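Heads up: the structure comes next, in structure tokens.
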Amino acid sequence: MADQRPLVADLTRSASTSSVTVAPWQVVLYADGARIAERPQYLDEMHQQIGLSTVIMAGPVRLSPQTWALNPIVSAGATHGPGGFVEGDDRAVRTALDEVHRRGMKAWLIGGGYHGAAAEAPDCMTVDLTGRPLDVECPPQWTFEASKTHCACPSNPRLHDFYRAAYAEVARNYEYDGSALTHVRYWQAGVYTGLLHCGCQHCQKRAAALGFDFPAMRSSVLEVAQALRQVPTRYLRDAAAIPFDAADFLHLITPHAEDFVAWLTFRCRTIADSMADVRQAVHQAVGDREFAWGMDTYFPTFARLVGHDYRLLSGALDQMVPLLSHVAIHGYQSLAAYAQALVDTHPDLPETDALRVTYRLFGWDGFGLPQTAIAALECLEPDMSESRSPELLSMMKSELAKARILGGDTPMYPVLKGRIWPQSVIQELTAEARRLGFAGVTYQGTDLLESRAVGG
Ligand SMILES: [Zn+2]
Numbered sequence: 089m090a091d092q093r094p095l096v097a098d099l100t101r102s103a104s105t106s107s108v109t110v111a112p113w114q115v116v117l118y119a120d121g122a123r124i125a126e127r128p129q130y131l132d133e134m135h136q137q138i139g140l141s142t143v144i145m146a147g148p149v150r151l152s153p154q155t156w157a158l159n160p161i162v163s164a165g166a167t168h169g170p171g172g173f174v175e176g177d178d179r180a181v182r183t184a185l186d187e188v189h190r191r192g193m194k195a196w197l198i199g200g201g202y203h204g205a206a207a208e209a210p211d212c213m214t215v216d217l218t219g220r221p222l223d224v225e226c227p228p229q230w231t232f233e234a235s236k237t238h239c240a241c242p243s244n245p246r247l248h249d250f251y252r253a254a255y256a257e258v259a260r261n262y263e264y265d266g267s268a269l270t271h272v273r274y275w276q277a278g279v280y281t282g283l284l285h286c287g288c289q290h291c292q293k294r295a296a297a298l299g300f301d302f303p304a305m306r307s308s309v310l311e312v313a314q315a316l317r318q319v320p321t322r323y324l325r326d327a328a329a330i331p332f333d334a335a336d337f338l339h340l341i342t343p344h345a346e347d348f349v350a351w352l353t354f355r356c357r358t359i360a361d362s363m364a365d366v367r368q369a370v371h372q373a374v375g376d377r378e379f380a381w382g383m384d385t386y387f388p389t390f391a392r393l394v395g396h397d398y399r400l401l402s403g404a405l406d407q408m409v410p411l412l413s414h415v416a417i418h419g420y421q422s423l424a425a426y427a428q429a430l431v432d433t434h435p436d437l438p439e440t441d442a443l444r445v446t447y448r449l450f451g452w453d454g455f456g457l458p459q460t461a462i463a464a465l466e467c468l469e470p471d472m473s474e475s476r477s478p479e480l481l482s483m484m485k486s487e488l489a490k491a492r493i494l495g496g497d498t499p500m501y502p503v504l505k506g507r508i509w510p511q512s513v514i515q516e517l518t519a520e521a522r523r524l525g526f527a528g529v530t531y532q533g534t535d536l537l538e539s540r541a542v543g544g
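For the sequence shown, the residue numbers in the working numbering are 89 to 544.
Here's what the structure looks like:
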């Protein structure tokens with residue numbers, strides 16, 4: 089694929105046909121700060137070849153004792169904290185930032201959020217609506233091991249205080265131009281048991297303060313889960329034969345629909361509000377300097393299942409990076425997990441019917457995805473499943489359009505994969521992103537391209 093890179097370069101630098109004046113098209117890459125410091129001409133090569141204008145990077149930082157005193161990973165002291173904060177030699181990061189800016193480019197900080205953040209901070213871990221942590225349960229079979237990582241609660245004050253202080257301090261002391269945080273969410277959508285989180289005391293208080301009826305939401309969510317197990321198999325088979333969609337699903341759970349939806353919204357509010365609060369601290373820390381506070385956002389179709397609501401997030405962030413690159417993990421594994429849940433709870437239901445019901449529930453039934461067996465999705469094999477087109481292309485175009493429609497005026501830089509996907513798909517999606525009015529595009533996994541740039 090490396091020898092096809094000039095095609096991407098031509099595309100990303102093509103002139104817009106729109107008569108509307110827009111900000112310059114941004115080409116963003118995930119990069120390694122230490123490597124940039126070591127070999128800064130990489131930036132020039134990427135600029136020349138794909139129009140690179142912004143890098144997303146991170147590295148060790150120096151945080152004050154006051155900030156480290158807030159570290160919820162108590163045993164780590166001032167060595168490392170949740171979100172990927174590592175205390176250490178920051179000379180390479182500073183050199184990389186200088187090299188980026190010397191070229192008129194921008195650098196966005198990448199850091200973590202909630203998923204995975206409680207691995208060493210059990211006090212911050214979410215609990216489900218019955219008071220149990222997720223690690224006592226088995227994750228769905230169609231998800232990677234990473235799904236077992238503990239999730240931290242977005243309402244946990246100790247974690248929030250650390251993030252607020254740490255992100256503000258990094259923004260103040262390092263010349264980043266913005267951020268593209270990641271994993272600022274609950275478990276990926278395929279880990280559907282994560283939907284029962286978080287029911288901790290902090291979340292209960294927060295719900296009350298926001299006007300949500302927590303006891304009503306809890307009973308509705310638990311009763312919906314039970315009610316779905318009891319839907320007769322023959323109903324599911326009939327549903328598979330018709331366009332039974334998400335609106336019909338809500339109709340099916342009428343007595344609980346309102347509080348079930350309120351629960352999803354509440355989870356989205358906790359994340360959006362927390363990010364808005366950290367943004368305020370960051371902006372205060374940098375004063376007049378511009379800092380675009382942002383994070384990656386989930387596939388729009390599944391976003392509200394992981395605590396992401398594009399409408400709410402657009403008001404809490406300065407920029408969004410729709411993370412559309414991991415189709416197998418966030419798309420196909422979600423479909424497989426829900427289809428498998430139907431089969432597990434209804435052993436007489438053929439997989440083909442379970443798949444059809446699931447596709448329609450999420451609106452992914454028109455993309456030509458495998459119909460016969462859950463395994464045919466090859467969701468644990470990204471190299472296989474993500475190289476399939478045209479379903480990849482049509483599905484990704486749909487997600488791009490949804491992100492654009494739902495994201496409001498907030499600048500967005502959707503992430504496309506720079507590997508595995510067929511080159512023609514990457515090209516077409518880049519053009520589609522431009523046509524839809526995104527502010528730019530982010531490429532992830534350009535290792536083949538990169539090795540060519542350094543002469544490999
Ligand atoms: Zn909680």
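All residues carry an ideal CB built from backbone N, CA and C; glycine is no exception.
None of the values given here were measured: they were computed from a predicted structure.
The beta carbon of A350 lies closer than 7 Å to those of F300 and M305 in the same chain, with the five residues before and after it left out.
For P470, no beta strand (DSSP E) encloses it; the enclosing alpha helix (DSSP H) starts and ends at P470 to S473. P343 sits exposed, since fewer than 16 C-beta atoms from the chains shown fall within 10 Å of its C-beta. Between ligand 1 and the CB of P242, the shortest heavy atom gap is smaller than 8 Å. In the DSSP annotation of this structure, T167 is not part of any alpha helix (DSSP H), being labelled neither H nor E. Taking 9 Å as the cut-off, the Cβ atoms of S362 and F387 do not count as close. Of the candidates S307, G200, P245 and T358, G200 places its Cα closest to the Cα of H271. At a Cβ-Cβ threshold of 9 Å, M145 and L222 do not count as neighbours. Counting only runs of 4+ residues, the alpha helix (DSSP H) found wholly inside the region 332-381 occupies 334-340 and 342-374, in chain order. I514 and G165 have their alpha carbons spaced roughly 44 Å apart. For L185, no pairing in a beta bridge is given by DSSP. Annotation: the region 393-460 contains the following complete segments of the alpha helix (DSSP H) (minimum length 4 residues), in chain order: 398-404, 421-433 and 439-450.
Between the region 377-385 and the region 254-269, the count of C-beta pairs closer than 8 Å reaches three or more; the two stretches touch.
Residue pairing of W196 in beta bridges, as defined by DSSP: I144 and G266. Taking all protein chains shown into account, P228 has 16 or more neighbouring C-beta atoms within 10 Å of its C-beta and is therefore buried.
Only residues of its own chain outside the window of five on either side were considered, and among them F387, P388, T389 and L412 have a CB closer than 7 Å to the CB of E487, listed in chain order. The beta carbons of A334 and L480 sit no closer together than 9 Å.
A259 and P331 have their alpha carbons spaced roughly 49 Å apart. In the DSSP assignment, M500 is bridged to M408. By the criterion of a C-beta distance shorter than 7 Å, D177 is surrounded in its chain by P148, once the five residues flanking it on both sides are discounted. Contact check for C212 against N244 passes: the beta carbons are separated by less than 9 Å. By the Cβ neighbour-count rule, P502 is buried, with 16 or more other Cβ atoms within 10 Å of its own. The closest heavy atom of ligand 1 lies less than 8 Å from the beta carbon of C286. Taking all protein chains in view, the Cβ of A391 is crowded by 16 or more other Cβ atoms within 10 Å, so the residue is classified as buried. Within its own chain, the residues whose Cβ lies closer than 6 Å to the Cβ of F354, once the five positions on either side in sequence are excluded, are A295 and F300, listed in chain order. When the Cα atoms are used, G169 and Y420 turn out to be separated by approximately 32 Å. With a threshold of 8 Å, the Cβ atom of T214 counts as near ligand 1, since some heavy atom of the ligand is closer than that.
Residue pairing of E516 in beta bridges, as defined by DSSP: absent, with no partner found. At a threshold of 8 Å, H290 counts as near ligand 1, since its beta carbon sits closer than that to one of the ligand's heavy atoms. Remark: three or more beta-carbon pairs, one from each stretch, lie closer than 8 Å, so the region 180-199 and the region 128-135 are flagged as touching. In its chain, beyond the 5 residues on either side, no residue has a beta carbon closer than 6 Å to the beta carbon of R476. Sixteen is the threshold: when 16 or more other Cβ atoms of the shown chains lie within 10 Å of the Cβ of M484, as they do, the residue is buried. Fewer than three pairs of CB atoms, one per stretch, sit closer than 8 Å, so the region 319-326 makes no contact with the region 370-378. In its chain, beyond the 5 residues on either side, P148, V149, R150, L151, W156, A166, T167 and H168 have a beta carbon closer than 8 Å to the beta carbon of E175. Judged by DSSP secondary structure, G528 falls outside any alpha helix (DSSP H) and instead within the beta strand (DSSP E) spanning G528 to Q532. From the listed residues D397, I462 and L443, the smallest Cα separation to I493 is found for D397.
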